[in-house]
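**Q** So for the sequence shown, the UniProt record's numbering puts the first residue at 1; every next one is plus one.
No residue lacks a Cβ here, since even glycine has one placed at the ideal position from N, Cα and C.
Keep in mind that this is a model prediction, so the values were computed, not measured.
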Amino acid sequence: MSAANMTAGDNSSKAMGEKASQVNPMEQYLILAKQAKGAAAVQLVKQVLEAPEVYVFGELLDMPNITSLKGTPQHAPYYELLQLFAYGVYGDYVRESAKFPTLTPTMLTKLRHLTIVSMATGQKSIPLATLGTQLGLTSTRELEDLIIEAMYTDIIHGKLDQKNGILELDHAIGRDIKPEDLPNIVATLQSWCDTCDTMLSNIDQLITRANTDKERHLKHRNSLETEVSGSGLEQLWARAKAKTRTSLPPP
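Right, here's the structure in full:
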């Protein structure tokens with residue numbers, strides 16, 4: 001094989017690897033988590049929390065070596081920190097900051113981004129003043145820069161209305177689901193399925209009724225056609241003439 005062909009093949013493989021990494025940026029960390037233990041697992045958590053494009057952490061939380069961190073006093077705060085990024089918001093960090101390690105600026109930005117995502121699930125129009133309060137930002141410029149960065153990161157889609165001081169949201173990524181929230185989600189989905197079944201049943205009834213009406217109409221039309229054809233035409237003609245005589249006024 002020529003050097004040119006080898007280079008092309010290597011480049012193609014590299015491009016495919018990069019594409020796969022982009023599809024699931026967490027994949028490489030999940031592979032590392034199979035071997036990392038103790039202090040190495042803590043370093044892995046730190047890397048994940050600072051990694052760009054990683055905003056979902058549930059799979060990592062389920063890895064045995066990561067789960068084992070909560071059983072060691074010096075490592076447990078990092079497991080708690082990972083849970084904070086998976087399920088919590090900036091306000092949770094402020095209220096319970098004593099139990100968490102200090103956040104780097106990159107981590108702090110990501111947590112604020114995740115907080116915007118959580119707020120977006122409950123409302124599509126958020127006043128900037130409310131965002132500033134929830135994110136611990138008093139500077140309008142810093143808040144707007146944070147929002148714009150979140151949009152460029154593609155975790156939210158929307159419009160920053162500076163004139164009216166509102167963030168209009170069209171879409172936001174999904175966050176990790178707490179295990180204790182699963183029963184409520186299942187119940188909601190079951191209710192939705194039941195509603196769909198009821199609607200389908202109603203539609204079936206309407207279709208049956210429409211087919212019955214159609215069949216009755218066809219029978220009636222066939223009956224008229226039969227009556228009009230042949231001797232039936234003469235009978236109708238005579239009937240029409242008799243009706244005409246009856247309706248004429250006396251001379």
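Smallest Cα separation from Val89: which of Lys37, Asp176, His217, Val42?
**A** By one-based count along the sequence shown, residue 89 stands at place 89. Closest option to Val89, Cα to Cα, is Asp176.
**Q** If you scan the stretch 115–162 from start to end, which runs of the alpha helix (DSSP H) of 4 or more residues do you find wholly inside it?
**A** Complete alpha helix (DSSP H) runs here, min 4: 128–135, 140–152.
**Q** Hey, would you say Ile116 sits closer than 9 Å to Leu131, going by beta carbons?
**A** The residue given as residue 116 occupies position 116 in the sequence shown. The residue given as residue 131 occupies position 131 in the sequence shown. In contact: Ile116 and Leu131 (Cβ atoms closer than 9 Å).
**Q** In the DSSP assignment, find the unbroken beta strand (DSSP E) run with Ile166 in it and report its ends.
**A** As a position in the sequence shown, residue 166 is number 166, starting the count at 1. Its beta strand (DSSP E) spans residues 166–172.
**Q** Between which two residues does the alpha helix (DSSP H) carrying Glu80 extend?
**A** Sequence index remark: in the sequence shown, residue 80 carries index 80 (1-based). Element bounds for Glu80: 76–87.
**Q** Looking at Leu84 and Leu111, is the spacing between their C-beta atoms short of 9 Å?
**A** Taking the first residue of the sequence shown as 1, we reach residue 111 at position 111. Taking the first residue of the sequence shown as 1, we reach residue 84 at position 84. Their beta carbons are under 9 Å apart, which means Leu111 touches Leu84 by this criterion.
**Q** Let's test the definition: count the other Cβ atoms within 10 Å of the Cβ of Leu114 and tell me whether it reaches 16, buried, or not, exposed.
**A** Looking up residue 114 in the sequence shown gives position 114. Buried.
**Q** For Thr109, which of Leu128, Ile126, Thr153 has the nearest alpha-carbon?
**A** Walking along the sequence shown from the start, residue 109 turns up at place 109. Of the candidates Leu128, Ile126, Thr153, the one whose C-alpha sits nearest the C-alpha of Thr109 is Thr153.
**Q** Using CA atoms only, rank isn't needed, just tell me which of Glu80, Leu82, Lys34 is closest to Met63.
**A** By one-based count along the sequence shown, residue 63 stands at place 63. Closest option to Met63, Cα to Cα, is Lys34.
**Q** Going by C-alpha to C-alpha distance, which of Ile147, Gln162, Thr106 sits closest to Pro52?
**A** Numbered from its first residue, the sequence shown carries residue 52 at position 52. Closest option to Pro52, Cα to Cα, is Thr106.
**Q** To test your reading of the DSSP string, which unbroken alpha helix (DSSP H) runs of 4 or more residues are found completely within the stretch 14–71?
**A** The qualifying runs are 27–33, 39–50, 58–61, 64–67.
**Q** Could you work out which residue in Gly165, Ile147, Lys46 is closest to Ala129 when comparing CA atoms only?
**A** Along the sequence shown, read from residue 1 onward, the residue named residue 129 stands at position 129. Answer by Cα proximity: Gly165.
**Q** Could you name the residues of the same chain whose beta carbon sits closer than 6 Å to that of Tyr79, not counting the 5 residues immediately before and after it, in chain order?
**A** Here residue 79 is taken as the residue at index 79 of the sequence shown, counted from 1. Excluding residues within five positions, the ones whose Cβ falls inside 6 Å are Leu69, Lys70.
**Q** Spatial neighbours of Ala36 within its chain, please: C-beta separation below 7 Å, excluding the five flanking residues on both sides.
**A** Sequence index remark: in the sequence shown, residue 36 carries index 36 (1-based). Closer than 7 Å at Cβ, skipping near neighbours: Leu44, Asn65.
**Q** Assign Val94 to buried or exposed, taking buried as 16 or more other Cβ atoms, counted over all protein chains shown, within 10 Å of its Cβ.
**A** On the sequence shown, position 94 is the one that residue 94 refers to. The residue is exposed, with fewer than 16 neighbouring Cβ atoms inside 10 Å.
**Q** With respect to the alpha helix (DSSP H) encompassing Arg95, which residues constitute its N-terminal and C-terminal limits?
**A** Taking the sequence shown and counting its residues from 1, one reaches residue 95 at position 95. First-last of the alpha helix (DSSP H) with Arg95: 90–95.
**Q** Could you tell me which of Asn222, Val42, Leu137 sits nearest to Pro101, measuring between CA atoms?
**A** One-based indexing of the sequence shown puts residue 101 at position 101. Answer by Cα proximity: Val42.
**Q** Ser21 to Glu27, Cα distance in whole Å?
**A** What you label residue 21 is simply residue 21 of the sequence shown in a count that begins at 1. What you label residue 27 is simply residue 27 of the sequence shown in a count that begins at 1. At Ser21, the pLDDT of 44 sits below 50, so the modelled position is not reliable; the number obtained from the coordinates is stated separately. Roughly 7 Å separates the two Cα atoms.
**Q** What residue from Ala172, Tyr87, Thr138, Leu143 has the CA that sits closest to Gln123's CA?
**A** Numbered from 1 along the sequence shown, position 123 holds the residue referred to as residue 123. The candidate whose alpha carbon is nearest that of Gln123 is Ala172.
**Q** Take the Cβ of Ala76 as the centre, count every other Cβ of all protein chains shown within 10 Å, and call the residue buried at 16 or more, exposed below.
**A** Position 76 of the sequence shown, counted from the first residue, corresponds to residue 76. It counts as exposed.
**Q** Would His157 pass as a contact of Asp170 if the rule is Cβ separation under 9 Å?
**A** Counted from its first residue, the sequence shown places residue 157 at position 157. Counted from its first residue, the sequence shown places residue 170 at position 170. Closer than 9 Å, so yes.
**Q** When you compare only the Cα positions, how much space is there between Thr7 and Phe57?
**A** Translated into positions along the sequence shown, residue 7 becomes position 7. Translated into positions along the sequence shown, residue 57 becomes position 57. Below a pLDDT of 50, predicted positions are generally treated as unreliable, and Thr7, at 40, falls in that range; the measurement from the model is reported next regardless. Each residue's Cα considered, the two are about 36 Å apart.
**Q** So, at 8 Å on beta carbons, what are the nonlocal neighbours of Gln47 in its own chain, with the 5 sequence-adjacent residues on each side left out?
**A** Reading the sequence shown from its first residue, position 47 is the one you call residue 47. Closer than 8 Å at Cβ, skipping near neighbours: Tyr29.
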